[in-house]
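Asker: Pasting in a structure now, in structure tokens, and then I'll have a few things to ask.
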Amino acid sequence: MLELNDIHTFYGPIEALKGITLKVNQGEIVCLIGNNGAGKSTTLMTISGILKPKAGTISFIGSNISDMPAHSIVEMGISHVPEGRRIFSRLTVKENLEMGGYVKFKIKSSKLKIQLEKVYEMFSVLKEREKQLGGTLSGGEQQMLAISRALMSEPKLLLLDEPSLGLAPIIVSRIFKAIKEINEEGVTILLVEQNAHAALNLSDRGYVLENGRIKMHGKGKELLNSEEVKKAYLGE
Ligand SMILES: Nc1ncnc2c1ncn2[C@@H]1O[C@H](COP(=O)(O)OP(=O)(O)OP(=O)(O)O)[C@@H](O)[C@H]1O
Ligand SMILES: [Mg+2]
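In the numbering used here, the protein residues as written are -11 to 224.
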């Protein structure tokens, strides 16, 4: 479904991605793990078109998307939940969700309403709080809102950047359960996580990033049992 081939991405003179090659098959949950600064967020931003690679190609369902603007990439079916959530704190829950749908659907379109009902079904707390300002939600609720906003454009592929960051363990399990449910409804997922143990458990496959390069990849369970991964990323 998604293929990155030898991607190099720079911040000015700094080469953050030094030749990333990876793929995500339709229906999979794939995770990217690695230490701070490894290039995980940069990889997601390069896929969603926020950053442009200097070299390499990205193909999505057979089309080359490396030169497309970010809004066209959303229309193609890729939705990105950035690190730190970035919800609109002064808009209501409902307005935040509608913003997520506008790129793809027109304001007041019936499709928008249908999507809204779908996400309310998944996260009923958002329905209960639909008139509340985004900024007044708890951290966990904000993460649910950020994920739901991304789902409003009816993505085929969802990019999630550290959804569990800063959340209490019980909320983390709720979020991971939701990721599984979203996947079971047919959305393919590329997940970035510091919480390597939970991420590898949930994922079909995983890639380990180190200093802008892929260091290892394999099935989730294989990586969980790898001595190297255990030592470096699982604290075992
Ligand atoms: N705006 C920027 N300007 C310059 N360098 C940047 C910028 N953003 C990121 N970098 C650098 O690019 C590298 C990769 O950063 P990135 O944010 O992708 O890492 P990450 O794996 O997501 O880390 P974390 O786990 O801390 O979120 C780091 O060395 C970082 O310092
Ligand atoms: Mg990051």
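We treat Cβ as the ideally placed atom computed from N, Cα and C, and that holds for glycine.
Below 8 Å, how does it come out for the region 83 to 102 and the region 148 to 156: are there three or more Cβ pairs, yes or no?
Answerer: Cβ pair count under 8 Å is below three, so no.
Asker: Rounded C-beta distance between GLY50 and LEU(-8)? I'm assuming under 8 Å.
Answerer: Not quite, the Cβ-Cβ distance comes to about 15 Å (not below 8 Å), so this is no contact.
Asker: Indicate, with yes or no, if ligand 1 has a heavy atom lying under 7 Å from the CB of GLN131.
Answerer: Not so, every heavy atom of ligand 1 lies at least 7 Å from the Cβ.
Asker: My output table needs one value for LEU153: the three-state DSSP class, helix, strand or coil.
Answerer: Residue state, collapsed to three classes: coil.
Asker: Closest to LYS203 by CA distance: which of PHE(-2), GLY0 and LEU10 is it?
Answerer: Of the listed residues, the one whose Cα sits closest to LYS203 is LEU10.
Asker: Could you spell out where the alpha helix (DSSP H) holding ASN228 opens and where it closes?
Answerer: Look at the range of the chain in this structure, -11 to 224, and you will see that residue 228 is not part of it.
Asker: How do the region 154 to 164 and the region -1 to 15 stand: do at least 3 beta-carbon pairs fall below 8 Å, yes or no?
Answerer: At 8 Å Cβ cutoff, the stretches do not touch.
Asker: Measure the C-alpha to C-alpha separation of ASP(-6) and THR34 and round it to an integer number of angstroms.
Answerer: Answer to the nearest angstrom: the Cα atoms are 12 Å apart.
Asker: Could you check whether the Cβ of GLU83 sits closer than 7 Å to any heavy atom belonging to ligand 2?
Answerer: Outside the cutoff, so no.
Asker: For GLY122, which of helix, strand or coil comes out of DSSP?
Answerer: Of the three classes helix, strand and coil, the one that applies to GLY122 here is helix, per DSSP.
Asker: Among the residues of its own chain, which have a CB less than 8 Å from the CB of VAL91, if the five just before and after it don't count?
Answerer: Closer than 8 Å at Cβ, skipping near neighbours: HIS59, VAL62, GLU63 and SER141.
Asker: Roughly how many angstroms separate the alpha carbons of ASN171 and TYR108, rounded to a whole number?
Answerer: Cα-Cα distance, rounded: 17 Å.
Asker: Ligand 1 and SER152: does the residue's C-beta get closer than 7 Å to at least one heavy atom of that ligand?
Answerer: Flag unset: Cβ of SER152 not near ligand 1.
Asker: Distance check for GLU83 and LEU155, CA to CA, integer angstroms please.
Answerer: If you take the alpha carbons of LEU155 and GLU83, they lie about 24 Å apart.
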